[in-house]
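Enquirer: In my numbering, the protein residues as written are 16 to 262.
Backbone N, C-alpha and C define an ideal beta-carbon position, used for all residues, glycine too.
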Amino acid sequence: MIRSLSLAILLAIAGPLAAAPTTTPDYSAALADPARPAADRERDATRRPAELLAFARVAPGQQVGDFVMGGGYVTRLLAAAVGPAGRVYAFQPTEFIAFKKQYGDDQAAVDAAYANVDAVAGPFAAPAFPVPLDTIITVQNFHDLYLKPFPAGTGDKASAALFAALKPGGTLVVVDHSAADGTGTTLSDSLHRIDKAAVVAALTKAGFTLDGESDLYKHTDDPRTANVFDAAIRGKTDQFALRFRKP
């Protein structure tokens, strides 16, 4: 999460989609990848990576994007899951790197560690993905598009950019912290949460269709009223997982 960013619009090319897998791949090898640091493995119990990869339908040989890669937890999983015939484009916004140098250092480290990972940098809503993608995953970052420093319409522009970056038939998976129903995007700054309905509305407006929903990160005991960084709730927030498809 970041508090002061700027935004631009991406125009990307769409191309044909690779055939979707007919069976769920076995992700055990990806989780056991020795290149994954111990800190990542310690997070697996709550992050449930195999289930996330299955929900995103990630398969060997795909071209995938990690939109706002952060420290690289998802990027490393994707690299192992798509294998040597696939490619992962790990996007880190230049605004994030300017805000905190560690974002750039983490991106460079993951890029160097995996032969099938390419680092991608650029404005938050203009990831310069060099090829049309089968899948994009973004985890706990969609609400950042609605932080108060952004001008009105930033979320719509970013949604359109993600749509353009995918092949026809490609999918976008969004995981984020749940805000109370009916709050829209109004709690993005104060609580770092977003109403699931607001995400569906923004991405539907961009041309996506809602293709699936998972209770993978559901926590019914979260009242959805606390800042996600509060010690009492951090790591135990109610989160939604949505899969969208580009027609």
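1) On the three-pair Cβ rule with 8 Å, is the stretch 140-157 touching the stretch 63-82?
2) Mind the definition here: the stretch 127-135 touches the stretch 149-169 only if three or more C-beta pairs lie below 8 Å; say whether that holds.
3) Give me the DSSP bridge partner(s) of Arg-102.
4) Just verifying my parser: in three-state terms, what is the DSSP assignment at Pro-64?
5) Check each candidate in Ala-96, Val-83 and Gly-87 and name the one with the smallest Cα separation from Ala-47.
6) Who are the near neighbours of Leu-218 in its chain, counting only those whose CB is closer than 6 Å to its CB and skipping five residues on each side?
7) What's the call for Gly-185, buried or exposed, on a 16-neighbour Cβ count within 10 Å?
8) With burial defined as no fewer than 16 other Cβ atoms inside 10 Å of the residue's Cβ, what is the status of Ala-332: buried or exposed?
9) Just confirm the distance between the C-beta atoms of Gly-227 and Phe-70, as a whole number of angstroms; I'd bet it's less than 8 Å.
10) My output table needs one value for Thr-186: the three-state DSSP class, helix, strand or coil.
11) Between Met-84 and the rest of its own chain, which residues show a CB-CB distance below 8 Å, the 5 nearest in sequence each way excluded?
12) In whole angstroms, what is the alpha-carbon distance linking Thr-201 and Ala-143?
13) How many angstroms separate the CA atom of Pro-40 from the CA atom of Lys-182?
14) Among the residues of its own chain, which have a CB less than 6 Å from the CB of Leu-68, if the five just before and after it don't count?
Expert: On the basis of the data shown:
1) Here the stretch 140-157 makes contact with the stretch 63-82; the two share three or more CB pairs at distances below 8 Å.
2) no
3) Partner(s): Gln-78.
4) DSSP places Pro-64 in helix when its eight states are reduced to three.
5) Ala-96
6) Ser-174 and Phe-259
7) buried
8) Here the chain comprises residues numbered 16 to 262, so residue 332 is not present and cannot be evaluated.
9) Confirmed, about 7 Å.
10) strand
11) Thr-90, Ala-105, Phe-106, Gln-107, Asp-121, Gln-122 and Val-125
12) Each residue's alpha carbon lies about 29 Å from the other.
13) 21 Å
14) If we look at Leu-68 and ignore the five residues flanking it on each side, its Cβ neighbours are Tyr-42 and Ala-96.
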